[in-house]
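Numbering (the numbering used here), first residue to last: 26 to 233.
The beta-carbon is built from N, C-alpha and C at its ideal position, and this holds for glycine as well.
What you are looking at is a predicted structure, and each value in this text was computed from that prediction instead of being measured.
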Ligand SMILES: NC(=O)c1ccc[n+]([C@@H]2O[C@H](COP(=O)([O-])OP(=O)(O)OC[C@H]3O[C@@H](n4cnc5c(N)ncnc54)[C@H](O)[C@@H]3O)[C@@H](O)[C@H]2O)c1
């Protein structure tokens, strides 16, 4: 990926993985915006790049915070989550609202804002206790915790929206091609008519 003038948004950018991603994006020349509620993330994690990053303190479940975060974004890396199996067991409803509901909100807002791509971090917890390494997406899904279920459902939602977006793009391209073909046909028709008219005029003007 190359540097862009439109920003990259990293939700959960003050967390463990997110802050490393932010460092790398800044290094690659991206304008970076972070949305984080600092529930487990720390501003110190961003110390090296703090002056170069637009930091928004907010919740991925808050429509206003999300609308502000996705303004004019080129790409969204959605990492904000309660990344904890024990917490999801202790509070399935609360964690579901963030891990699934928050993801849906980010996906929807990113699409409306015209983001070119949304990258979502799922989890290998979706493959249960399988000892197989490395984990592959072709492994059987085994949702042994609310966390695994929430993240896997969010991943499926993301995939479904990406397919829908691809279909919409194909439809728009097909419409553009049809318009272009119709325009070319019309130009060719007018050209033919003009040639016929000229030929008729030449015949009429010719000495009899
Ligand atoms: N660490 C791993 O081994 C691992 C493995 C697979 C997937 N993941 C996924 O990667 C992502 C990042 O994980 P991590 O290990 O860096 O966790 P982390 O807890 O360090 O980072 C999560 C970040 O999200 C923020 N956050 C939480 N709830 C929020 C909310 N409602 N609104 C805004 N921000 C919120 C936290 O403050 C934190 O900064 C998560 O989506 C997690 O499910 C992590």
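* Quick one: is residue 103 buried, meaning 16 or more other Cβ sit within 10 Å of its Cβ, or exposed? -> buried
* Give me the Cα-Cα distance between residue 221 and residue 184, rounded to the nearest whole angstrom. => Looking at the two C-alpha atoms, the distance is approximately 56 Å.
* Are there three or more Cβ pairs, one per stretch, closer than 8 Å when the stretch 66-74 is compared with the stretch 119-131? -> no
* Asked: How should residue 40 be labelled, buried or exposed, when 16 other C-beta atoms within 10 angstroms of its C-beta is the threshold for buried?
  -> buried
* Decide if residue 47 is buried, meaning its Cβ has at least 16 other Cβ atoms within 10 Å, or exposed. => Answer is buried; the Cβ neighbour count reaches 16.
* **Buried or exposed by the 16-neighbour rule on C-beta atoms within 10 Å, applied to residue 212** => Exposed, since its Cβ has fewer than 16 Cβ neighbours within 10 Å.
* Is it the case that the Cβ atoms of residue 81 and residue 97 are separated by a distance below 8 Å? -> No; because the gap between Cβ atoms is not below 8 Å, this pair is not in contact.
* Return the CA-CA distance between residue 193 and residue 228, expressed in angstroms with no decimal places. => 53 Å
* To do: State whether the stretch 131-150 contacts the stretch 174-184, with contact taken as three or more CB pairs (one from each stretch) at a distance under 8 Å.
  => yes
* With DSSP as the reference, label residue 180 as helix, strand or coil. => Residue 180 falls in the helix class under three-state DSSP.
* How far does the alpha helix (DSSP H) with residue 92 in it reach, from first residue to last? -> 88-94
* Cα separation between residue 32 and residue 218? -> 52 Å
* Asked: Beta carbon of residue 176: closer than 7 Å to some heavy atom of ligand 1?
  -> Yes, the beta carbon of residue 176 sits closer than 7 Å to at least one heavy atom of ligand 1.
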